[in-house]
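Engineer:
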Amino acid sequence: MPDPNRYAFVPTAAPLPTIVGGSGCYLHTADGRRILDGAAGAIVGNIGWGRAEVADAAREAMAACGYVVPLWPTRWRLELHDRLVERWLPEGFGNVFFTSGGSESTDSALRLARAYQVGKGRRDRWKVIGRHPSYHGMTLGTMSAASHLGRQAGYEPLLLPFPKVPWDDPEQVVKVFEQEDPSTIAGFIAEPITGAAGACLTASDEYWRVVTELCREHDVLLIADEVMTGYGRTGLKFGHQHFPFEPDVIVGGKGLGGGYVPMGAVATNADVAEVLKTSGFMYFTFTGNDASCAAANTVLDILEREQLVERSRAMGELLGTRLRDVLAGHPAVIDIRGRGLFYGIELDCSRDAVVAAAMQRDCWVYPAGSGPVPNAVMLAPPFIVTDDEIDTLVSTLRASIDAVTSSGV
Ligand SMILES: Cc1ncc(COP(=O)(O)O)c(C=O)c1O
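Quick note, the sequence shown lines up with residues 54 to 462 if you use the numbering used here.
1) Counting beta carbon pairs with one atom in the stretch 106 to 113 and one in the stretch 346 to 362, are three or more of them shorter than 8 Å?
2) Return the CA-CA distance between V328 and R404, expressed in angstroms with no decimal places.
3) Would you say the stretch 432 to 450 touches the stretch 353 to 371, given that touching needs at least three Cβ pairs under 8 Å?
4) Comparing alpha-carbon positions, which option in L446, Y284, E244, R262 lies nearest H201?
5) Pull up the distance between the alpha-carbon of I49 and that of A83, whole angstroms please.
6) Is there a C-beta anywhere in chain B that falls below 8 Å from the one on I72?
7) What residue does the alpha helix (DSSP H) around P425 start on, and which one ends it?
8) Within its chain, find whatever has a CB closer than 6 Å to the CB of G190; leave out the 5 residues flanking it on each side and keep chain order.
9) Short of 8 Å in beta carbon distance, which residues of its chain neighbour G147, apart from the five on each side in sequence? Order them along the chain.
10) For G369, I'd like the list of residues in its chain whose CB is within less than 6 Å of its CB, leaving aside the five on either flank, ordered along the chain.
11) Helix, strand or coil for P245? Go by DSSP, reduced to three states.
12) Assign K290 to one of three DSSP states: helix, strand, or coil.
13) Please return the same chain residues whose Cβ sits closer than 6 Å to the Cβ of V263, not counting the five positions on each side in sequence.
14) The beta strand (DSSP E) that contains F151, what's its start and end?
15) Tell me where the beta strand (DSSP E) around E399 begins and ends.
16) Spatial neighbours of P315 within its chain, please: CB distance less than 7 Å, with the 5 preceding and 5 following residues excluded, ordered by chain position.
17) Would you mind giving the Cβ-Cβ distance between L274 and Y169, rounded to the nearest angstrom? I have them listed as a contact below 8 Å.
18) Among K290, A198, D301, G341, which one has its Cα closest to the Cα of G145?
19) Should P186 be labelled buried (16 or more other beta-carbon atoms within 10 Å of its own) or exposed?
20) Since L254 and V426 should fall inside the 8 Å C-beta cutoff, what is the C-beta to C-beta distance between them, to a whole number of angstroms?
21) Could you give the residue range of the beta strand (DSSP E) that holds V464?
22) Going by DSSP in three states, K180 sits in which element: helix, strand or coil?
23) Nearest-angstrom Cα distance between G333 and K217?
24) Using only the heavy atoms of ligand 1, determine whether one of them is closer than 7 Å to the beta carbon of T287.
25) So, V457 versus C402, is the Cβ gap smaller than 8 Å?
26) Just reading off the beta strand (DSSP E) that I437 is part of, what are its end residues?
27) Can you look up K173 in the DSSP assignment and give me helix, strand or coil?
28) Would you kindly work out how many angstroms separate the C-alpha atoms of G424 and T127, rounded to a whole number?
29) Would you tell me roughly how many angstroms separate the C-alpha atoms of G317 and G305, rounded to the nearest one?
30) Enumerate in chain order the residues of its own chain whose CB-to-CB distance from W261 is below 6 Å, with the five nearest sequence positions on each side excluded.
31) Less than 7 Å between the CB of G98 and some heavy atom of ligand 1, yes or no?
32) Taking 8 Å as the cut-off, decide whether the C-beta atoms of A421 and S453 are in contact.
33) Is R86 helix, strand or coil when you go by DSSP?
34) Threshold first: 4 residues or longer. Then list the alpha helix (DSSP H) segments lying entirely within the stretch 111 to 171, N to C.
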C-alpha cells in the first residue's frame with residue numbers, strides 16, 4: 054500500500070487512506086474500504102463517481118489537438134458555451150468566460166467589476182463589498198472580498214481593505230453603502246447560500262431585495278458566487294433562484310466539471326459584455342481548455358438526461374426530513390439548515406472530531422464553519438444518492454456526534 058505520508062502538502066490531522074477509484078456515491082481505498090461520499094468530494098461530484106462517458110469525451114477532445122489558444126473558437130468551447138446559454142443560465146446571460154475552477158472564476162468576477170466601472174469612466178470605483186462570513190477562494194483577491202477567518206489567518210494584511218456586511222442584516226447593508234460612498238463601489242459579491250464559511254446560512258428574502266435594489270440604484274455589479282450552489286446543488290439550477298436575488302454576474306466552478314476536470318465559468322448579461330467590448334478581458338492560458346469543456350458538456354448532458362437537478366430537490370427534501378428526525382434536539386446540534394442536497398449541521402462540539410469519527414465509520418462529511426459558526430459539518434452527496442444511502446449518512450453522522458460527545462471532545 055502507498056505511504057499516505059509522502060503526500061503531505063495539504064496536511065490532515067490523521068493520514069487519510071489512498072483512493073484508487075470510485076463508483077456512484079462511493080470512493081474505493083487502496084486497503085479495500087468503500088467510503089460513502091456524503092459531500093461529493095468538496096461538494097463537487099454532482100453526478101457521482103466513475104462515469105466513463107465523461108472520460109471518453111475528454112479523451113476525444115485531447116486526442117484531437119491538445120491545446121488551442123483561447124482566442125480561437127473550437128468545437129468543444131462552442132458546444133459548452135451554447136449549452137450553458139440555451140439550457141442552464143437565466144435569460145439574458147449570453148456571455149461566458151471559462152476558467153479552471155472556483156477561485157479563478159470569483160477572482161475574474163472581481164476584475165470584471167473593476168473593468169466594467171472603468172469602462173464606464175468611473176475610475177474611483179474599486180471596492181467590492183463582501184459578506185461576513187463568506188468564502189470565495191484562495192487567491193489574495195478573493196480572500197480580500199471574503200470573510201473566512203480560519204482560512205485567512207496568517208495572510209493578513211490582505212491585498213485590499215474591501216468592506217464587509219453581515220450575512221443577514223439588510224439595515225447594515227444600507228448603512229455600509231452610505232458610509233463607503235456608492236461612487237467608490239464597483240461590485241457586491243455573495244454566495245446565495247453560504248457554503249464552507251457558514252454551513253448553509255440562508256439570508257431572508259428582504260435581505261436579497263435590499264441588496265439587489267441598492268446595486269441597481271448605484272450601478273454596482275451584483276455577483277452571485279455559485280461555485281458551490283450552482284448546477285443543481287440546491288435543487289434549482291442556481292442557488293440565487295430561490296430568492297429575490299438578481300445578479301449581473303454568475304460565477305460557477307465545482308459542479309460544472311463534476312469533479313472530473315478543473316473547470317469554472319463566469320457568465321454576464323449583455324450590458325456588462327457591451328462595456329467590455331472596448332476594454333477587452335485578458336484570458337488565462339487554460340481558458341476554455343478543450344478537454345475540460347468536453348467533460349463539462351458531458352456532465353451537464355448527464356444532469357439533463359437523468360433529471361438530476363429535480364432529483365437533487367426531491368432527495369434534498371428527504372435528507373432534510375431524516376436529519377431533523379435523527380438529530381433535532383440533540384444536545385450537540387445547534388441547527389440543521391439547507392436546500393436541495395446542500396445541508397449544514399451546526400455543532401456544539403469539535404467538527405474535526407466528528408469528521409474523523411465519520412471516517413472511522415467509512416463516511417466522508419465536509420468540515421465547515423468560521424467566525425459566528427465555529428463548528429459545523431455539511432452533507433452534500435452526489436445527486437444520484439439513494440434513500441438507503443441517505444439513511445446510512447444520517448445514522449453515521451448521529452453515531453459520530455454521539456461518539457465525540459460521549460468522549461468529551
Ligand atoms: C462559494 C465558493 N467560492 C469559491 C470557491 C473556490 O473554488 P476553488 O476551490 O475551486 O478555487 C469555493 C470553494 O470551496 C466556494 O465554495
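From the three backbone atoms N, C-alpha and C, an ideal C-beta is built for every residue, glycine too.
Just so you know, these numbers come straight off a predicted model, no measurement behind them.
Structural biologist: So, from the listed chains and residues:
1) yes
2) Translated into the one-based positions of the sequence shown, residue 328 becomes position 275. Translated into the one-based positions of the sequence shown, residue 404 becomes position 351. When the Cα atoms are used, V328 and R404 turn out to be separated by approximately 46 Å.
3) yes
4) Against the sequence shown, residue 201 aligns to sequence position 148. When each option's Cα is compared against that of H201, the closest is E244.
5) Look at the range of the chain in this structure, 54 to 462, and you will see that residue 49 is not part of it.
6) Absent from the structure is chain B; it holds one protein chain and no more.
7) Position 372 of the sequence shown holds residue 425. For P425, there is no enclosing alpha helix (DSSP H), as DSSP marks it with neither H nor E.
8) On the sequence shown, residue 190 is found 137 positions in, with the first residue counted as 1. Excluding sequence neighbours, G190 sits near G155, S156, T159.
9) Here residue 147 is taken as the residue at index 94 of the sequence shown, counted from 1. So the list reads V138, N322, A323, A326, once near-sequence residues are dropped.
10) Position 316 of the sequence shown, counting from 1, holds the residue named residue 369. Taken in chain order, the residues that qualify are G288, G393, L394.
11) Translated into positions along the sequence shown, residue 245 becomes position 192. Note: P245 maps to coil in three-state DSSP.
12) Mapped onto the sequence shown, residue 290 falls at position 237. Of the three classes helix, strand and coil, the one that applies to K290 here is coil, per DSSP.
13) If you number the sequence shown from 1, residue 263 lands on position 210. Once the five neighbours on either side are set aside, the close Cβ partners of V263 are P223, V226.
14) Walking along the sequence shown from the start, residue 151 turns up at place 98. Taken as a continuous stretch (DSSP letters only), the beta strand (DSSP E) holding F151 covers 148 to 152.
15) Stepping through the sequence shown from its first residue, residue 399 is reached at position 346. Element bounds for E399: 395 to 400.
16) Along the sequence shown, one-based indexing puts residue 315 at 262. Once the five neighbours on either side are set aside, the close Cβ partners of P315 are S153, G154, S345.
17) As a working note, residue 274 is residue 221 in the sequence shown. As a working note, residue 169 is residue 116 in the sequence shown. The Cβ separation is near 6 Å, so the contact holds.
18) For the purposes of this step, residue 145 is identified with residue 92 of the sequence shown, where counting begins at 1. Ranking K290, A198, D301, G341 by Cα distance to G145 puts D301 first.
19) Your numbering for residue 186 matches position 133 in the sequence shown. Answer is buried; the Cβ neighbour count reaches 16.
20) In the sequence shown, counting from the first residue as 1, residue 254 sits at position 201. In the sequence shown, counting from the first residue as 1, residue 426 sits at position 373. Their Cβ separation, rounded to whole angstroms, is 7 Å, which keeps L254 and V426 in contact under 8 Å.
21) Residue 464 lies beyond the stretch modelled for the chain, which goes from 54 to 462, so this question has no answer here.
22) Your numbering for residue 180 matches position 127 in the sequence shown. Note: K180 maps to strand in three-state DSSP.
23) As a position in the sequence shown, residue 333 is number 280, starting the count at 1. As a position in the sequence shown, residue 217 is number 164, starting the count at 1. The alpha-carbon atoms of G333 and K217 are separated by roughly 29 Å.
24) Here residue 287 corresponds to residue number 234 of the sequence shown, with the count starting at 1. It does not: the Cβ of T287 is nowhere closer than 7 Å to a heavy atom of ligand 1.
25) For the purposes of this step, residue 457 is identified with residue 404 of the sequence shown, where counting begins at 1. For the purposes of this step, residue 402 is identified with residue 349 of the sequence shown, where counting begins at 1. Against a cut-off of 8 Å, the Cβ pair of C402 and V457 comes out as a contact.
26) For the purposes of this step, residue 437 is identified with residue 384 of the sequence shown, where counting begins at 1. Note, I437: premise wrong, no beta strand (DSSP E); not H, not E.
27) As a position in the sequence shown, residue 173 is number 120, starting the count at 1. The answer is coil: DSSP assigns K173 none of H, G, I, E or B.
28) As a first step, residue 424 is located in the sequence shown; it is residue number 371 there, counting from the start. As a first step, residue 127 is located in the sequence shown; it is residue number 74 there, counting from the start. Each residue's alpha carbon lies about 45 Å from the other.
29) On the sequence shown, position 264 is the one that residue 317 refers to. On the sequence shown, position 252 is the one that residue 305 refers to. Roughly 5 Å separates the two Cα atoms.
30) For the purposes of this step, residue 261 is taken as residue 208 along the sequence shown, with counting starting at 1. Setting aside the 5 residues that flank it on each side, W261 is surrounded in the same chain by F296, P297, F298, each with a C-beta closer than 6 Å to its C-beta; the list follows chain order.
31) Residue mapping note: residue 98 aligns to position 45 of the sequence shown, counting from 1. Checking every heavy atom of ligand 1 against the Cβ of G98, none is found closer than 7 Å.
32) By one-based count along the sequence shown, residue 421 stands at place 368. By one-based count along the sequence shown, residue 453 stands at place 400. Against a cut-off of 8 Å, the Cβ pair of S453 and A421 comes out as no contact.
33) Start at 1 with the first residue of the sequence shown, and residue 86 comes out as number 33. Three-state result, R86: coil.
34) 128 to 136
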